[in-house]
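In order, the protein sequences belong to chains A and B. All residue numbers for the first sequence refer to this note's numbering, where the first residue is -8 and numbers rise by one. All residue numbers for the second sequence refer to this note's numbering, where the first residue is 11 and numbers rise by one. Ideal placement from N, C-alpha and C gives every residue a C-beta, glycine not left out.
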Amino acid sequence: MSLRLFELMLWAAGYTVVISAISIVIGLGIGLLVCAAKLSPNRLLSLPATLFISFFRGVPLLVQLLLIYNLLPAVGISVPSVVAAVVGLSLCTAAYQAENLRGGFNSVPKGLLEAADMVGLTPWQQLKRIRAPIAFRLTLPALVNEAILILKASSLISVVGVIELTRMAQNLAASTYKPLLFYSVAGALYLVICWTVAGGGALAERMARVGRA
Amino acid sequence: MSDTAPLAPRASTAETPEADAAVLVRGVTKRFGDTEVLAGIDLKVPTGATTCLIGPSGSGKSTLLRCIAFLEEATTGTIEIHGDPLGFAEAPDGGRTRLSPQSIRAVRSRIGMVFQQFNLWPHMTALGNVCEALVTVRRMRRSEAEEHGMAQLSRVGLANRAKHYPSELSGGQQQRVAIARALALDPEVMLFDEPTASLDPELTGEVLNVMRDLAGSGMTLLVVTHEIGFAATVGQRIAFLDHGRLLLDGTPREVFGEPRHPRLAQFLETYLDRGAAALV
Chain A
-8 MSLRLFELML WAAGYTVVIS AISIVIGLGI GLLVCAAKLS PNRLLSLPAT LFISFFRGVP
52 LLVQLLLIYN LLPAVGISVP SVVAAVVGLS LCTAAYQAEN LRGGFNSVPK GLLEAADMVG
112 LTPWQQLKRI RAPIAFRLTL PALVNEAILI LKASSLISVV GVIELTRMAQ NLAASTYKPL
172 LFYSVAGALY LVICWTVAGG GALAERMARV GRA
Chain B
11 MSDTAPLAPR ASTAETPEAD AAVLVRGVTK RFGDTEVLAG IDLKVPTGAT TCLIGPSGSG
71 KSTLLRCIAF LEEATTGTIE IHGDPLGFAE APDGGRTRLS PQSIRAVRSR IGMVFQQFNL
131 WPHMTALGNV CEALVTVRRM RRSEAEEHGM AQLSRVGLAN RAKHYPSELS GGQQQRVAIA
191 RALALDPEVM LFDEPTASLD PELTGEVLNV MRDLAGSGMT LLVVTHEIGF AATVGQRIAF
251 LDHGRLLLDG TPREVFGEPR HPRLAQFLET YLDRGAAALV
């Protein structure tokens, strides 16, 4: 493989990382909102959240991407394919992250909140100072897991015409007749990215103390 | 009082005027579904003394303490902390009206609560746990709060553990931090819910010693405990609960002395090997 072609692969890997990272961050934001809605006692909020989660967890990501890619132009919104890809990945990961966060919030021991009640923290102060920080720490391993899943699932956005790592490998394999080489390089690059994320996650978990709550 | 019949509930020798009651429990019942856990409790916790709430498992003592702290809502009845209603106020028509969250927080902040499971916030250091409400609720400056917090940790002998996280402390140390956290707000009453029940036997002593010091300093303590030895030696009042009823309420001499109520005698039998042999 020439240096020029390897550079192209690296560039595509960077593209995969950037798109995945943006999707995970947007997904975390939407996931937080969906989680809050789902935890709400108000059915007008919790029911749409439940529907959102069941749709985006129940329909394959590939189908979601094709739907969004074709739906947006159909309702008169013309967007670059990369935007459609980010929207698809974000909404999909938002559904999973909402459920992870809900699990985190529900796992905060009740006694910790009773202790907060007894020293006079308001519900909002409890959320800010006790519930959210602990829920986030409890959710961290699942969040890292989700980040890795999205990094790998981002290979699917090649179907809507985004040239990321997998699509680049496909293109180069086709034009050079060396599929084994380019798919091996793509696989190795995915592996390196995921190891890095996992390592960063492990470091973050060590830094965020949870203790023996 | 010495001529009271053995089966009759003993009242206290010196009736405390209601104004002196740190905690006043009036007609509190508590039902969980069909189960009646508290069957009408009236209790005055005198100011400046240690009251121990004892009784068999399932007798309702923890539920009573949690009702006093309004962590459980009593099905009927009212709680007063130094004359101020907590949670519910008696309405003129004899019913109850629920008080505002602000009122509940205000009265609650005058109570310190220590839990069986410590309930320290695991993401904060010992000092962080103690200072949290000082900064968030009392709006103290961080430096001022830490100074005050360190004083509380010194009081429970843990100044040298201020920067440790709960997971780095032994159970006994965690419970002492929890006591310091409650003390930091200068409570008028300290409630203890079986504070040593989840500790290894060799760690209960350090917690009981801290409580003994607090009792000696003239603070008002209400302690739910299985440590009968502690109750008998530190408690100035003993309340014995059985099947959700306050069976006995008096000084240790009145409650533990002869003639002894048969239910209490039966209960104490189970403590023969737990340090209360001298009493039985």
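Buried or exposed by the 16-neighbour rule on C-beta atoms within 10 Å, applied to residue i
i	result
A/Arg(-5)	exposed
B/Asn129	buried
A/Val188	buried
A/Arg48	exposed
B/Pro205	buried
A/Ser81	buried
A/Thr157	buried
A/Met0	buried
A/Arg93	buried
A/Asn91	buried
B/Gln276	exposed
B/Phe240	buried
A/Tyr168	exposed
B/Pro19	The pLDDT assigned to B/Pro19 is 42, lower than 50, so where the model puts this residue is not dependable, and the model offers no usable value.
A/Trp115	exposed
A/Val153	buried
A/Ser11	buried
Residue interval of the beta strand (DSSP E) (run including residue i)
i	result
B/Arg41	31 to 42
B/Leu251	247 to 252
Extent of the continuous alpha helix (DSSP H) to which residue i belongs
i	result
B/Arg106	Looking at the DSSP string, B/Arg106 is not in any alpha helix (DSSP H); the run it does join, the beta strand (DSSP E), is 106 to 108.
A/Ala160	156 to 167
B/Glu157	152 to 165
B/Ala99	From DSSP, B/Ala99 is part of no alpha helix (DSSP H) but of the beta strand (DSSP E) over 98 to 100.
A/Glu196	170 to 198
A/Glu90	72 to 98
B/Trp131	From DSSP, B/Trp131 is part of no alpha helix (DSSP H); its letter is neither H nor E.
B/Gly215	211 to 226
A/Pro114	114 to 117
B/Leu193	181 to 193
Three-state secondary structure assigned by DSSP to residue i
i	result
B/Gly260	strand
B/Arg87	Residue identity check: residue 87 of chain B is Gly in the sequence provided, not Arg. Correct three-state label for B/Gly87: strand.
B/Arg118	helix
B/Arg76	helix
B/Ile51	strand
A/Glu137	helix
A/Asp108	helix
B/Leu17	In this predicted model, B/Leu17 has a pLDDT of only 42, less than 50, meaning its place in the structure is not dependable; the value taken from the coordinates is given anyway. Note: B/Leu17 maps to coil in three-state DSSP.
B/Arg270	coil
B/Arg149	coil
B/Glu46	strand
A/Ser(-7)	coil
B/Gly138	helix
B/Val243	In the sequence under discussion, the amino acid at residue 243 of chain B is Thr, which differs from the Val named in the question. Of the three classes helix, strand and coil, the one that applies to B/Thr243 here is helix, per DSSP.
B/Ser208	coil
A/Lys29	helix
B/Pro197	coil
A/Leu53	helix
A/Lys101	helix
A/Thr130	helix
A/Gly67	coil
B/Ser177	helix
Same chain, Cβ closer than 8 Å to residue i, neighbours up to 5 away in sequence not counted
i	result
B/Glu8	Not covered by the structure: residue 8 of chain B. The range shown for chain B is 11 to 290.
B/Thr135	Ala172, Lys173, His174, Tyr175
B/Leu163	Ala136, Leu137, Val140, Ala169, Arg171, Ala172, Val187, Ala190
A/Ile184	Ala4, Thr7, Val8, Leu142
Own chain partners of residue i with C-beta closer than 7 Å, once the 5 adjacent residues on each side are dropped
i	result
A/Ala28	Leu36, Ser37, Pro39, Ala40
B/Ile51	Val35, Val38, Leu74, Leu256
B/Asp30	Pro56, Thr57
Contact set for residue i: own chain, Cβ-Cβ below 6 Å, skip 5 residues either direction
i	result
A/Ala4	Leu156, Leu180
A/Arg122	Val99
A/Trp186	none
A/Phe96	Ala126
B/Val233	Cys62, Phe202
A/Ile21	Ala85
B/Glu178	none
Beta-bridge pairing of residue i - partner residues as DSSP gives them
i	result
B/Glu56	First, the residue type needs correcting, since residue 56 of chain B is Pro and not Glu in the sequence shown. In DSSP, B/Pro56 forms a bridge with B/Ala31.
B/Phe202	B/Val124, B/Val233
B/Cys62	B/Val233, B/Ile248
B/Pro95	B/Glu90
A/Arg48	According to DSSP, which records beta bridges pairwise, A/Arg48 is partnered with nothing at all.
B/Arg255	B/Asp252
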